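Protein chains in written order, with the numbering used here: chain D, 143 to 258; chain G, 108 to 289.
A virtual CB, placed ideally from N, CA and C, is assigned to each residue, including glycine.
Here the structure is a predicted model, which is why all the values come from computation and not from measurement.
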Amino acid sequence: MPVNAYARTHRGFVLACALAALAAAGMSAAGNGAQEYTIAIEAMRFVPATLSVKRGDRVTWVNKDLVPHTATASAKAFDSGSIAPGGSWTYVATEAGTQAYVCAFHPTMKGEVSIR
Amino acid sequence: MNFKHTARILVLSAAVAAFAAQAQGPTDPQIAAIVVTANQVDIDAGKLAKSKAHAKEVAAFAERMVVDHEGVNQSARELVSRLQVTPEPNATSESLQQGGDENLAKLEKLSGQAFDRAYVEHEVAYHQAVLDAVDKTLIPSAQNAELKALLVKVRPAFVAHLEHARQLQASLEQVGGLEHGE
Numbered sequence: 143m144p145v146n147a148y149a150r151t152h153r154g155f156v157l158a159c160a161l162a163a164l165a166a167a168g169m170s171a172a173g174n175g176a177q178e179y180t181i182a183i184e185a186m187r188f189v190p191a192t193l194s195v196k197r198g199d200r201v202t203w204v205n206k207d208l209v210p211h212t213a214t215a216s217a218k219a220f221d222s223g224s225i226a227p228g229g230s231w232t233y234v235a236t237e238a239g240t241q242a243y244v245c246a247f248h249p250t251m252k253g254e255v256s257i258r
Numbered sequence: 108m109n110f111k112h113t114a115r116i117l118v119l120s121a122a123v124a125a126f127a128a129q130a131q132g133p134t135d136p137q138i139a140a141i142v143v144t145a146n147q148v149d150i151d152a153g154k155l156a157k158s159k160a161h162a163k164e165v166a167a168f169a170e171r172m173v174v175d176h177e178g179v180n181q182s183a184r185e186l187v188s189r190l191q192v193t194p195e196p197n198a199t200s201e202s203l204q205q206g207g208d209e210n211l212a213k214l215e216k217l218s219g220q221a222f223d224r225a226y227v228e229h230e231v232a233y234h235q236a237v238l239d240a241v242d243k244t245l246i247p248s249a250q251n252a253e254l255k256a257l258l259v260k261v262r263p264a265f266v267a268h269l270e271h272a273r274q275l276q277a278s279l280e281q282v283g284g285l286e287h288g289e
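See the structure below:
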């Protein structure tokens with residue numbers, strides 16, 4: 143029993159170390175070098191409004207406003223649908239190119255994701 | 108028509124400005140009533156416009172006004188409940204309600220493109236008037252930091268709505284001579 147307990151604790155320690163190493167590596171999420179990016183939606187703007195990522199990277203929009211928003215690419219590459227206040231939506235960048243996007247609900251809100 | 112409409116908005120602005128002219132602005136309970144009423148008036152107009160709008164862009168805008176202002180009002184209600192502030196009706200909130208009722212009565216009688224133009228024209232003037240009140244009276248007068256922060260937080264939505272309404276107004280004027288408003 144104490145041995146098992148030690149093993150469990152040890153495994154937990156190893157896992158904690160691995161997670162800490164990931165965290166220390168910044169935004170790196172997966173072994174393939176993919177990065178995680180966050181775009182805040184606040185005060186009816188995308189922040190940052192322009193973002194450059196690599197194929198395979200994950201981009202998450204986080205809605206910090208009191209009203210729903212979308213991230214909708216003009217060329218239809220992605221469309222979040224409605225993101226509720228406090229909610230988020232993640233897009234895995236697949237196709238290279240520059241994607242201009244808007245909030246389909248609020249035409250004054252514009253952004254751009256460049257995928258290289 | 109335009110003159111009467113503008114006059115009504117001016118009455119609203121005057122009611123808000125009356126606070127500014129006094130030594131002190133509205134109290135927090137009065138501000139709470141103004142915020143909730145201002146949102147509710149636009150929700151009511153949006154609900155009518157969703158069903159009566161001619162152009163689909165106008166219907167989509169109306170739907171957005173209902174959703175967004177309900178979202179703002181939910182946050183406002185949660186905050187005043189948490190702060191144990193009881194909204195206190197006052198000359199400004201009553202003027203907003205009266206102006207909203209008159210707007211609904213006017214819109215009820217209209218249809219087609221005339222409805223769209225009247226609704227959108229009022230939305231432009233209304234958001235401008237509410238923004239003026241937020242900037243000149245409500246934010247400067249708010250005492251509670253959280254109430255002030257809520258006003259600051261919702262302000263950009265009113266700006267975006269105003270710009271959206273102006274864009275709609277411009278596109279409605281462009282198709283004014285055509286038979287279909289799209």
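Nearest-angstrom Cβ-Cβ length linking residue i and residue j, presumed shorter than 8 Å
{"i": "P263 (chain G)", "j": "A185 (chain D)", "result": "4 Å"}
{"i": "I141 (chain G)", "j": "T199 (chain G)", "result": "5 Å"}
{"i": "V255 (chain D)", "j": "V201 (chain D)", "result": "6 Å"}
{"i": "L238 (chain G)", "j": "L258 (chain G)", "result": "Not a contact, Cβ separation roughly 11 Å."}
{"i": "Q177 (chain D)", "j": "V189 (chain D)", "result": "No, Q177 (chain D) and V189 (chain D) are not in contact; Cβ-Cβ is about 18 Å, not under 8 Å."}
{"i": "F247 (chain D)", "j": "Y233 (chain D)", "result": "Contact doesn't hold; Cβ gap of about 18 Å is too wide."}
{"i": "H223 (chain G)", "j": "H176 (chain G)", "result": "Checking the displayed sequence, the identity of residue 223 (chain G) turns out to be Asp instead of His. Not quite, the Cβ-Cβ distance comes to about 19 Å (not below 8 Å), so this is no contact."}
{"i": "I257 (chain D)", "j": "A235 (chain D)", "result": "4 Å"}
{"i": "S222 (chain D)", "j": "T214 (chain D)", "result": "7 Å"}
{"i": "V143 (chain G)", "j": "N180 (chain G)", "result": "6 Å"}
{"i": "K206 (chain D)", "j": "I181 (chain D)", "result": "K206 (chain D) to I181 (chain D), Cβ: 11 Å. No contact."}
{"i": "P210 (chain D)", "j": "V261 (chain G)", "result": "That belief does not hold up - the Cβ atoms of P210 (chain D) and V261 (chain G) are roughly 14 Å apart, past 8 Å."}
Run of the beta strand (DSSP E) containing residue i, from where it starts to where it stops
{"i": "G253 (chain D)", "result": "K252 to I257"}
{"i": "F188 (chain D)", "result": "R187 to V189"}
{"i": "G239 (chain D)", "result": "G239 to V244"}
{"i": "V209 (chain D)", "result": "No beta strand (DSSP E) holds V209 (chain D); DSSP gives it neither H nor E."}
Delimiting residues of the alpha helix (DSSP H) encompassing residue i
{"i": "G178 (chain G)", "result": "K163 to R189"}
{"i": "L275 (chain G)", "result": "A252 to Q281"}
{"i": "T236 (chain D)", "result": "Run containing T236 (chain D): none; DSSP gives neither H nor E here."}
{"i": "N210 (chain G)", "result": "A198 to E215"}
{"i": "G219 (chain G)", "result": "G219 to A240"}
Alpha-carbon to alpha-carbon, residue j and residue i
{"i": "Y179 (chain D)", "j": "D199 (chain D)", "result": "8 Å"}
{"i": "Q276 (chain G)", "j": "C245 (chain D)", "result": "20 Å"}
{"i": "L155 (chain G)", "j": "L211 (chain G)", "result": "8 Å"}
{"i": "S188 (chain G)", "j": "R197 (chain D)", "result": "47 Å"}
{"i": "E185 (chain G)", "j": "G239 (chain D)", "result": "43 Å"}
{"i": "L164 (chain D)", "j": "G132 (chain G)", "result": "Interpretation of L164 (chain D) is limited by its pLDDT of 39, a score under 50 that renders its predicted location unreliable; no figure is taken from the coordinates."}
{"i": "S182 (chain G)", "j": "L203 (chain G)", "result": "20 Å"}
{"i": "E228 (chain G)", "j": "A240 (chain G)", "result": "19 Å"}
{"i": "G153 (chain G)", "j": "R273 (chain G)", "result": "16 Å"}
{"i": "T192 (chain D)", "j": "S218 (chain G)", "result": "42 Å"}
{"i": "K330 (chain G)", "j": "V282 (chain G)", "result": "An answer regarding residue 330 (chain G) cannot be provided, because it is not within the stretch 108 to 289 covered by chain G."}
{"i": "D242 (chain G)", "j": "G228 (chain D)", "result": "26 Å"}
{"i": "L279 (chain G)", "j": "K163 (chain G)", "result": "12 Å"}
{"i": "P194 (chain G)", "j": "A139 (chain G)", "result": "5 Å"}
{"i": "S230 (chain D)", "j": "E209 (chain G)", "result": "40 Å"}
{"i": "E170 (chain G)", "j": "K159 (chain G)", "result": "12 Å"}
{"i": "P136 (chain G)", "j": "Q205 (chain G)", "result": "20 Å"}
{"i": "G168 (chain D)", "j": "A226 (chain D)", "result": "Annotation note: pLDDT 36 at G168 (chain D) (below 50); position unreliable, coordinate value reported separately. Cα to Cα, G168 (chain D) sits roughly 27 Å from A226 (chain D)."}
{"i": "G178 (chain G)", "j": "N146 (chain G)", "result": "9 Å"}
{"i": "P196 (chain G)", "j": "A249 (chain G)", "result": "16 Å"}
{"i": "G207 (chain G)", "j": "A167 (chain G)", "result": "20 Å"}
Opposing strand residues paired with residue i [DSSP bridges]
{"i": "I150 (chain G)", "result": "Paired residues: none, contrary to the question."}
{"i": "A182 (chain D)", "result": "D:V189 and D:V204"}
{"i": "V192 (chain G)", "result": "DSSP lists no partner for V192 (chain G)."}
{"i": "R195 (chain D)", "result": "Residue identity differs from the one stated: residue 195 (chain D) is Val in this sequence, not Arg. According to DSSP, V195 (chain D) bridges with D:I257."}
{"i": "D221 (chain D)", "result": "D:T214"}
heavy atom of the ligand SAM below 6 Å from residue i C-beta
{"i": "V189 (chain D)", "result": "In the structure on display, the ligand SAM does not appear, and there are no ligands present to speak of."}
Inspect the CB distances between the segment 227-237 of chain G and the segment 265-279 of chain G and report whether three or more fall short of 8 Å.
Contact between the segment 227-237 of chain G and the segment 265-279 of chain G is present: three or more C-beta pairs spanning the two stretches fall below 8 Å.
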